[in-house]
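Below is one structure, written out as structure tokens, with a few remarks after it.
2 protein chains.
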Amino acid sequence: MKVTKAQAQANRTRIVETAAQLFRERGYDGVGVAELMAAAGLTHGGFYKHFGSKADLMAEAAASGISQNSAVSSGMNLADFIAHYLSREHRDSLGTGCTIAALSGDAARKPEEVKAKFAVGIENSLAAFHHGESCGKRDRRAEREMMIATFANAVGALVLSRACPDDSPLADEILEVCRKRLLASSPDNAKQEQ
Amino acid sequence: MKVTKAQAQANRTRIVETAAQLFRERGYDGVGVAELMAAAGLTHGGFYKHFGSKADLMAEAAASGISQNSAVSSGMNLADFIAHYLSREHRDSLGTGCTIAALSGDAARKPEEVKAKFAVGIENSLAAFHHGESCGKRDRRAEREMMIATFANAVGALVLSRACPDDSPLADEILEVCRKRLLASSPDNAKQEQ
DNA sequence: ATTATCTATAGATCTATAGATAATGC
DNA sequence: ATTATCTATAGATCTATAGATAATGC
């Protein structure tokens, strides 16, 4: 029943990545350890050789999900990012979409160790668009404020759109209005108005 | 053990209002029926004479919380609303604060009947600031888009701020940056810059 | 010898229901 | 007679632990 060290490490990674998806889809309290382990192809007793508690896994899964999101969006410019972030496709892909948008509400009620991962994730999201090819101190400050406002607006729009009933006109309107406005005020607004 | 019709109605209302607070504080899955009924001063078996299921209560509690929020903010102008909404006090009062910000993430994974209450609540929030003392069709459209973007930005800022660890500088920065920018672009920006 | 995984289970908790009780409302 | 509430419980599920197993890693 034992397994090679590399295999055990791979199993651990698979647990974290499975959790990162299931938690986004159903919330931290919506997925049990047994179901999660079964989804990863293991039995649930083995869980506690990998993690001290479910809360420990929440923190790791948050970091994993955020890092997966960053890998996907890295290399995009701000306009491309906004167009994707505020698309219906992204709204309707809870399990693979933005971890911060999917789980910030849950994270607010979880231990500090979980929230710490979200704070790092938010900082990374802001830094990902550090356009500034060397601008002055004032510009850096202004750009950071712009990124904070833009990200908050995008997260809020996604969260609100998802809280509406399926096929609700309001759900689409929120996405479309915010996408249009954020693209219009984005520094590299040239293409994709859709 | 029976109780007057008026008393039963009062008990029912108390259950809903207690739920509206507890759900905001701990999430829909973080509060059990037994604990909720105890908090309302009743035993949990009685719950099902008032509600068909916990999901039914979620929908009622959402409507109740949203309506309580509206009652508090009605009569405020947009600038006052923003200053309050993006204050540390509001961020730190989960149980009595904005229902939409506290529970939209949870609502996205709940039945359509719950999400329908959120859609109505979002529409009400937008309508609450219908400044327009009779403006043209174009202006009404532009104003609605402005309100959608403003509300999404405010909700996003609150949700992100709450996902950060307590006393995190980032948590305060997000609130302050968004408050400053939304107040600057608000139609009635004259006073309170803080 | 160590340890990753499995089976089995302890002990809590959760939603929901059944049946008794006792006061209201007709 | 109706019904709001209570006590008690069924049946599921949840987190976590204990002990057995068997293959790795020294």
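If you read the sequences in order, they're chains A and B. Under this note's numbering, the residue at position 25 of the first sequence is numbered 25, and the numbers go up by one with no gaps. Under this note's numbering, the residue at position 48 of the second sequence is numbered 242, and the numbers go up by one with no gaps. Glycine included, each C-beta is placed from N, C-alpha and C at the ideal position.
Quiz item: Which residues in the same chain have their Cβ closer than 6 Å to the Cβ of alanine 213/B, if we skip the five residues on either side of it in sequence?
Solution: Excluding sequence positions up to five before and after alanine 213/B, its CB lies within less than 6 Å of the CB of Leu230, Leu251, Ala255, all in the same chain and listed in chain order.
Quiz item: Roughly how many angstroms lie between the CA atoms of methionine 341/B and glycine 221/B, to the nearest whole one?
Solution: Those two C-alpha atoms are separated by around 27 Å.
Quiz item: Does valine 155/A have its Cβ less than 8 Å from a Cβ in chain B?
Solution: For valine 155/A, the answer is yes, since a Cβ of chain B falls inside 8 Å of its Cβ.
Quiz item: For alanine 119/A versus leucine 364/B, is the C-beta spacing smaller than 8 Å?
Solution: Yes, they are a contact pair.
Quiz item: Would you call the CB atoms of valine 349/B and isoleucine 294/B closer than 8 Å?
Solution: Going by C-beta atoms, valine 349/B is nearer than 8 Å to isoleucine 294/B.
Practice problem: Reducing DSSP to helix, strand and coil, say where cysteine 372/B ends up. | Solution: Cysteine 372/B falls in the helix class under three-state DSSP.
Quiz item: Under three-state DSSP, which class holds arginine 208/B?
Solution: Here arginine 208/B sits in helix by DSSP.
Quiz item: Counting only beta-carbon atoms, is glutamine 194/A nearer than 8 Å to chain B?
Solution: Confidence in glutamine 194/A is poor, its pLDDT being 40 and thus under 50, which makes the residue's placement unreliable; the coordinate value appears in the next sentence. Cβ-Cβ to chain B under 8 Å: no for glutamine 194/A.
Exercise. Would you decide whether tyrosine 85/A is buried or exposed? Buried here means 16 or more other CB atoms lie within 10 Å of its CB.
Key: Classified as buried, tyrosine 85/A has 16 or more neighbouring CB atoms from the shown chains inside 10 Å of its CB.
Practice problem: Can you grab the Cα-Cα spacing for the pair glutamine 203/B / valine 197/B, in whole Å? | Solution: Those two C-alpha atoms are separated by around 10 Å.
Exercise. Give a yes or no on whether 8 Å exceeds the smallest Cβ distance from alanine 301/B to chain A.
Key: Put simply, the CB of alanine 301/B is near chain A, with a gap under 8 Å to one of its CB atoms.
Self-check item: Opening and closing residue of the alpha helix (DSSP H) in which lysine 115/A lies
Solution: In the DSSP annotation of this structure, the continuous segment of the alpha helix (DSSP H) that includes lysine 115/A starts and ends at 112-127.
Quiz item: Which residue spans inside the segment 68-111 of chain A form an unbroken alpha helix (DSSP H) run of at least 4?
Solution: Contiguous alpha helix (DSSP H) elements confined to the segment 68-111 of chain A occur at 78-85, 88-91, 99-107, taking only those with 4 or more residues.
Quiz prompt | glycine 41/A versus valine 72/A - alpha carbon distance | solution = Each residue's Cα considered, the two are about 26 Å apart.
Practice problem: Using a Cβ-Cβ cut-off of 8 Å, state whether proline 359/B counts as contacting chain A. | Solution: Chain A, which has a Cβ nearer than 8 Å to the Cβ of proline 359/B, makes this yes.
Quiz item: Rounded to a whole number of angstroms, what is the C-alpha to C-alpha distance between histidine 284/B and cysteine 98/A?
Solution: As the crow flies, the alpha-carbon of histidine 284/B is around 25 Å from that of cysteine 98/A.
Practice problem: Note the first and the last residue of the continuous alpha helix (DSSP H) segment covering valine 353/B. | Solution: Segment 331-357, the alpha helix (DSSP H) holding valine 353/B.
Quiz prompt | As assigned by DSSP and simplified to three states, the class of glutamine 194/A | solution = Note on glutamine 194/A: pLDDT 40, under 50, position unreliable in the model; no value is reported.
Quiz item: Name the chain B residues that come within less than 7 Å of leucine 160/A, Cβ to Cβ?
Solution: Within chain B, Ser298, Ile316, Ala346, Val349 have C-beta atoms less than 7 Å from the C-beta of leucine 160/A, given in sequence order.
Quiz item: For a contact meaning CB atoms closer than 8 Å, what does phenylalanine 241/B contact in chain A?
Solution: The premise fails here: phenylalanine 241/B is roughly 20 Å from chain A at the closest Cβ pair, so nothing lies under 8 Å.
Quiz item: Tell me which same chain residues have a C-beta within less than 8 Å of the C-beta of lysine 195/A, skipping the five on either side of it?
Solution: Residue 195/A falls outside the range modelled here, since chain A spans only 1 to 194, and no answer is possible.
Quiz item: Taking only beta-carbon atoms, is glutamate 306/B less than 8 Å away from chain A?
Solution: Chain A, which has a Cβ nearer than 8 Å to the Cβ of glutamate 306/B, makes this yes.
Quiz prompt | Local Cβ density within 10 Å of leucine 369/B, reported as buried at 16 or more and exposed below that | solution = Around the beta carbon of leucine 369/B, 16 or more other beta carbons lie within 10 angstroms, which makes this residue buried.
Practice problem: Inspect the beta-carbon positions of alanine 277/B and leucine 377/B and report whether they are closer than 8 Å. | Solution: The Cβ atoms of alanine 277/B and leucine 377/B lie closer than 8 Å to each other.
Quiz prompt | Three-state secondary structure assigned by DSSP to serine 168/A | solution = In this structure, DSSP gives serine 168/A a state outside helix and strand, which the three-state scheme calls coil.
Practice problem: Please report the residue range of the alpha helix (DSSP H) in which histidine 50/A lies. | Solution: Taken as a continuous stretch (DSSP letters only), the alpha helix (DSSP H) holding histidine 50/A covers 47-50.
Quiz item: Are alanine 163/A and serine 298/B closer than 8 Å when you measure CB to CB?
Solution: Contact flag set, yes.
Quiz item: Leaving out five residues before and five after alanine 34/A in sequence, what residues of the same chain have Cβ atoms less than 7 Å from its Cβ?
Solution: Cβ neighbours of alanine 34/A within its own chain (closer than 7 Å, five residues either side excluded): His44.
Quiz item: Are the Cβ atoms of valine 225/B and leucine 216/B separated by less than 8 Å?
Solution: With contacts defined by Cβ atoms closer than 8 Å, valine 225/B and leucine 216/B form a contacting pair.
Quiz prompt | Residue-chain proximity (arginine 373/B, chain A), Cβ-Cβ < 8 Å | solution = Not closer than 8 Å to any Cβ of chain A, the Cβ of arginine 373/B fails to qualify, so no.
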